[in-house]
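Here the structure comes first, spelled out in structure tokens, and everything after it is commentary.
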């Protein structure tokens, strides 16, 4: 072997050792991944899923902002349910984020030399093995764009993960509200049933005495049965919602304070807008990488084997043709389209928020009216009860008015939780149903 071949061999060995050391300069857990299975990679929970420090050392303002967010829910039942629902889950979005971080970690080293073997069969039937080492010298910013693209992928996956967590928290809270609404309606019926049962008994006795018609007694009993059926249906719906909620949170949800008042106003930037901005950055990096492919790339190549050599190579990732100019225009158009998508997303989000705010105002007005109607119906009912005792009103008339009073009270009970549900939709859209540090 010549002196030149010995020098190349020594350089290759040193480079291989240095690259091996580069793969081992992190924690012991990262070293162990080299012997891990795919499940080990997917389940590597030692490192934080959402980390504002990107591979390569840059800091992501988007991820830092997500981590700094705090739930607007007061400490109590709603905050506990949201936290339990997010903690007790296996999220595909989380694994997608973890995979994106691994890809970004790999791309953060794309400026280092790469190597690969080549095995071929010679004309005389012998195997020829060669080891190639390539080091990029000039790439017109392609490697940098690929690193930026990988980091932008992490940001997009992080926003998607936060959105998934807030959607799951809202789903759990919506189940809780469904149960509470049904229980509140059932409580209204349960409070009215003893009095209605008393009137049904009175009607039976009046029929026996020949004072009232059996038809009137039958109508009262039908109303009694309907009120019982509504109560039972509400309780069954509440039990079903609570069972589903227990499956989401991992344990039955016990009673607690139902104060859903928000700590602060809902002013955080909506998650769809944040995701659109991250996707625009992703598209910009992709455009930069695609544009760099139309320019020559210079690299140094060394080979060692039966015949060793060192040299420079210049090549282009994209062929030059009559459509090259239009292809480059298409790349720039892709960048502009991503920016336009941000504006469209902001408009859509603003429309959704405006609709939810209008619905909240409407629900608040309806609740005030329903409470006034319920109060008026209760006062009128008391008047009818006294009039019935004085013989001025029939039992059937009193029972009919009771049915109206119960209906208005049930409506008011539902509206209270509808307002809370509307506020939770706004909070989920803005990504403030859960603390960012638990993601």
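Numbering (the working numbering), first residue to last: 6 to 444. No residue lacks a Cβ here, since even glycine has one placed at the ideal position from N, Cα and C.
1. Just tell me which of 139, 284 and 422 has its CA closest to the CA of residue 115.
2. Taking the alpha carbon of residue 371 as the reference point, which residue from 420, 327, 415 and 332 has its own alpha carbon closest?
3. Can you tell me whether residue 285 is helix, strand or coil according to DSSP?
4. Could you say which of 432, 302, 233 and 161 lies nearest to residue 272 if we only look at CA atoms?
5. Looking at the unbroken beta strand (DSSP E) that takes in residue 314, where does it start and where does it end?
6. On the three-pair Cβ rule with 8 angstroms, is the segment 180-188 touching the segment 243-252?
7. Roughly how many whole angstroms lie between the Cα atoms of residue 427 and residue 78?
8. Can you tell me whether residue 72 is buried or exposed? The criterion is at least 16 other CB atoms within 10 Å of its CB, across all chains shown.
9. If you follow the alpha helix (DSSP H) that residue 443 is in, where does it begin and where does it stop?
10. Leaving aside the five residues before and after residue 172 along the sequence, list all residues of the same chain whose C-beta is less than 8 angstroms from its C-beta, in chain order.
11. DSSP on residue 299, reduced to helix/strand/coil?
12. Using a Cβ-Cβ cutoff of less than 6 angstroms, which residues in the same chain neighbour residue 445 once the five nearest sequence positions on both sides are dropped?
13. Which partner residues does residue 258 have in the DSSP bridge list?
14. Under a Cβ-count criterion, where at least 16 other Cβ atoms within 10 Å of its own Cβ denotes burial, should residue 342 be classed as buried or exposed?
15. From the DSSP output, in three-state form, read off residue 275 for me.
16. Taking the beta carbon of residue 280 as the centre, do at least 16 other beta carbons fall within 10 Å, making it buried, or is it exposed?
17. Quick one: grab the DSSP three-state call for residue 438.
18. When DSSP labels each residue in this structure, what does residue 384 get in the three-state scheme?
19. Taking C-alpha atoms, which residue in 295, 132 and 105 lies nearest to residue 338?
20. So, at 7 angstroms on beta carbons, what are the nonlocal neighbours of residue 91 in its own chain, with the 5 sequence-adjacent residues on each side left out?
21. Between which residues of its own chain and residue 141 is the CB-CB distance below 6 angstroms, once the five residues before and five after are set aside?
22. Would you kindly report the start and end of the unbroken beta strand (DSSP E) that includes residue 133?
23. Whose C-alpha, out of 224, 152, 219 and 235, is nearest the C-alpha of residue 188?
Put simply:
1. As a working note, residue 115 is residue 110 in the chain shown. Measuring from the Cα of residue 115, the nearest candidate turns out to be 139.
2. Stepping through the chain shown from its first residue, residue 371 is reached at position 366. Closest option to residue 371, Cα to Cα, is 420.
3. Numbered from 1 along the chain shown, position 280 holds the residue referred to as residue 285. Note: residue 285 maps to helix in three-state DSSP.
4. Start at 1 with the first residue of the chain shown, and residue 272 comes out as number 267. Out of 432, 302, 233 and 161, 432 has the C-alpha closest to the C-alpha of residue 272.
5. The residue given as residue 314 occupies position 309 in the chain shown. Here the beta strand (DSSP E) through residue 314 covers 314-320.
6. yes
7. By one-based count along the chain shown, residue 427 stands at place 422. By one-based count along the chain shown, residue 78 stands at place 73. Each residue's Cα considered, the two are about 14 angstroms apart.
8. Residue 72 sits at position 67 when you count from the first residue of the chain shown. Buried, since its Cβ has 16 or more Cβ neighbours within 10 Å.
9. Numbered from its first residue, the chain shown carries residue 443 at position 438. Run containing residue 443: none; DSSP gives neither H nor E here.
10. Position 167 of the chain shown, counted from the first residue, corresponds to residue 172. Cβ within range, chain order: 433.
11. In the chain shown, the residue the question calls residue 299 occupies position 294. Reduced to three states, the DSSP call for residue 299 is coil.
12. In the structure displayed, the chain extends from 6 to 444; residue 445 sits before or after that span and is not available.
13. Residue 258 sits at position 253 when you count from the first residue of the chain shown. Answer is none; residue 258 lacks a bridge partner.
14. Taking the chain shown and counting its residues from 1, one reaches residue 342 at position 337. Counting Cβ neighbours within 10 Å, residue 342 comes out exposed, since fewer than 16 surround it.
15. Your numbering for residue 275 matches position 270 in the chain shown. DSSP places residue 275 in coil when its eight states are reduced to three.
16. Sequence index remark: in the chain shown, residue 280 carries index 275 (1-based). Flag for residue 280 reads buried.
17. Taking the chain shown and counting its residues from 1, one reaches residue 438 at position 433. The answer is coil: DSSP assigns residue 438 none of H, G, I, E or B.
18. Here residue 384 corresponds to residue number 379 of the chain shown, with the count starting at 1. Helix at residue 384.
19. If you number the chain shown from 1, residue 338 lands on position 333. The option with the nearest alpha carbon to residue 338 is 295.
20. Along the chain shown, read from residue 1 onward, the residue named residue 91 stands at position 86. If we look at residue 91 and ignore the five residues flanking it on each side, its Cβ neighbours are 170, 173, 174, 439 and 443.
21. Taking the chain shown and counting its residues from 1, one reaches residue 141 at position 136. Correct list, in chain order: 304.
22. For this step, residue 133 is matched to residue 128 along the chain shown. Taken as a continuous stretch (DSSP letters only), the beta strand (DSSP E) holding residue 133 covers 132-143.
23. Within the chain shown, the letter at position 183 stands for residue 188. Checking every option, the nearest Cα to that of residue 188 belongs to 235.
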